[in-house]
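What follows is a single structure, written as structure tokens, with notes after it.
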Amino acid sequence: MKLSEFQIAVDDEFGPGYANVVMNDLALPGLGSRTAREALAAGVPPREVWLALCEATDVPPERRHGVGRREPGGRGSGR
């Protein structure tokens, strides 16, 4: 997962406004209680951060994989 795909996935799952709150304020137990933004800045791969966000916020498993990727022709994330 690229960082751009990560951002698309977060925005798609939480909405652009709430995504910033989740990224900046939610301490993720799976990442040493760092926020998503702190974990990314520390070099944690975006995929690992995404999965930690999903776990902490109870995102259903069917929405955890393959998100963030644009469909051919730029038609969204395929969710």
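In short: position in the sequence shown from 1, add 4, done, that's our numbering. Every residue gets a Cβ at the ideal spot worked out from N, C-alpha and C, and that includes glycine.
Can you tell me which of the options puts its alpha carbon nearest to the alpha carbon of residue i?
i, options, result
"residue 34", "66, 69, 63, 59", "59"
"residue 9", "54, 65, 61", "54"
"residue 65", "17, 23, 26", "17"
"residue 61", "14, 42, 21, 41", "14"
Could you spell out where the alpha helix (DSSP H) holding residue i opens and where it closes?
i, result
"residue 40", "40-45"
"residue 16", "7-18"
"residue 53", "50-61"
Under 7 Å Cβ to Cβ from residue i, same chain only, skipping five residues before and after it: list those, please.
i, result
"residue 37", "31"
What residues in its chain sit with their C-beta under 6 Å from that of residue i, if we drop five residues either side in the sequence?
i, result
"residue 7", "50"
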